[in-house]
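Colleague: First the structure, which I've put down as structure tokens, then a few questions once you've had a look.
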Amino acid sequence: MTQTHFGFQQVDENEKAGKVRGVFDSVASKYDLMNDLMSAGLHRAWKAYTVQVANLKPGERVLDIAGGTGDLSRAFARKVGDSGLVVHTDINEAMLRQGRDRLLDEGLVLPTSLADAEKLPFKSESFDLVSVAFGLRNMTHKDQALAEMCRVLKPGGRLLVLEFSRIAEPLKKPYDWYSFNILPKLGSLFAGDAESYKYLAESIRMHPDQATLKAMMKTAGFGHVDVHNLSAGIVALHAGIKC
């Protein structure tokens, strides 16, 4: 069996998706609350910046991968208007249900699809923009997922990857202390699940850094990739254009 990482653990590749699914099944109902607590609300600013960089126009078609509770799908839908399309997807059914129900409660009806980013069920050259926020690091074959995102984009289409990344070196020690000491305690107190937030901290450290992810996107078919470091590199937005 081929091995891959699940946090700091080594597991068989065919086991990782199930383990990740278990994490998000556990945290789905508290996902938004925990995002606010863990980031002190900064995740809202990171997503707002992503929407600004997307620069969507009315009538454009958007695929939101790992769309979870629907923050970006909602914002994108406002930009593309009634003449556009936003498809809200996630591989995790519990997260997708949370997002769909939340969007419906706000009177927003979007196409919703249970989809694996490594095998996207969409035709080639179907979308003007693909986004994936805080989901790429959980994928087993990131190179395959990036290639699929490139495939479904129209020529000149854009990919936005918002993901935890490498923080500036002077802040590394306090950030590590917070990640491995405070995050699991917050998870235990507010979500009843310390282990999932221990996995979160570990998965961030195993994710490719800014330069490595940029190179991976270029290999996948994105001719131009910009990297926007946010909050001293806690998060990075990679913006790629399909040639």
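First residue of the sequence shown? That's 1 in UniProt numbering, and the numbers climb one at a time after it. Backbone N, C-alpha and C fix where the C-beta goes; we use that ideal spot for every residue, glycine too. The structure displayed is predicted, hence computed values, not measured ones.
(1) Going straight from the alpha carbon of Leu171 to that of Gly59, what length do you get?
(2) Which class does His43 belong to by DSSP, given the choice of helix, strand or coil?
(3) Does the Cβ of Thr212 have 16 or more other Cβ atoms within 10 Å, making it buried, or fewer, making it exposed?
(4) Which partner residues of Ser131 appear in the DSSP bridge assignment?
(5) Taking the C-alpha atoms as reference points, what is the distance between Ala232 and Ile167?
(6) Okay, do the region 180-199 and the region 18-29 touch, 3+ Cβ pairs below 8 Å being the bar?
(7) Could you spell out the range, first to last residue, of the alpha helix (DSSP H) harbouring Gly99?
(8) Here's the rule I'm using: 16 or more other beta-carbon atoms within 10 Å means buried, otherwise exposed. How should Asp209 be labelled?
(9) Please state if the CB of Val86 and the CB of Val62 are separated by a distance shorter than 7 Å.
(10) Taking the C-alpha atoms as reference points, what is the distance between Ala145 and Ala220?
(11) Measuring alpha carbon to alpha carbon, tell me which of Asp176, Lys185, Ser196 and Arg205 ends up nearest Phe164.
(12) Assuming Leu160 and Leu153 are in contact, meaning their beta carbons sit under 8 Å apart, how far apart are those beta carbons, in whole angstroms?
(13) On the criterion of 16 or more Cβ atoms from any shown chain inside 10 Å, does Lys119 qualify as buried, or is it exposed?
(14) Quick one: Cα of Trp46 to Cα of Asn14, how far?
(15) Just to confirm, are Asp36 and Gly67 a CB contact at a threshold of 7 Å?
(16) By the 10 Å Cβ neighbour count, where 16 or more other Cβ atoms means buried, how is Cys150 classified, buried or exposed?
(17) With 16 as the cutoff for other CB atoms within 10 Å, does Arg137 come out buried or exposed?
(18) For Pro155, which three-state DSSP category applies?
(19) Which residues in the same chain have their Cβ closer than 6 Å to the Cβ of Ala201, if we skip the five residues on either side of it in sequence?
(20) In the structure shown, what three-state DSSP assignment does Thr69 receive?
(21) When burial is assigned at 16 or more other CB atoms within 10 Å of the CB, is Ala40 buried or exposed?
(22) Starting from Ser113, follow its DSSP beta bridges and name the residues at the other end.
(23) At what residue ranges does the region 1-51 contain a whole run of the beta strand (DSSP E), taking only runs of 3 or more?
(24) Between the beta-carbon of Thr50 and the beta-carbon of Gly99, is there less than 7 Å?
(25) Could you tell me how far apart the beta carbons of Val227 and Ala236 are, in whole angstroms, since I believe they sit closer than 8 Å?
(26) Which first and last residues belong to the alpha helix (DSSP H) in which Ala239 is found?
Modeller: Based on what the coordinates show:
(1) 42 Å
(2) helix
(3) exposed
(4) Asp64 and Leu160
(5) 6 Å
(6) yes
(7) Glu93 to Asp105
(8) exposed
(9) yes
(10) 9 Å
(11) Arg205
(12) Leu160 to Leu153, Cβ: 11 Å. No contact.
(13) exposed
(14) 32 Å
(15) no
(16) buried
(17) buried
(18) strand
(19) Ser179, Phe180 and Leu183
(20) coil
(21) exposed
(22) Thr89
(23) 3-6 and 9-12
(24) no
(25) 6 Å
(26) No alpha helix (DSSP H) contains Ala239, which is instead part of the beta strand (DSSP E) from Val235 to Lys242.
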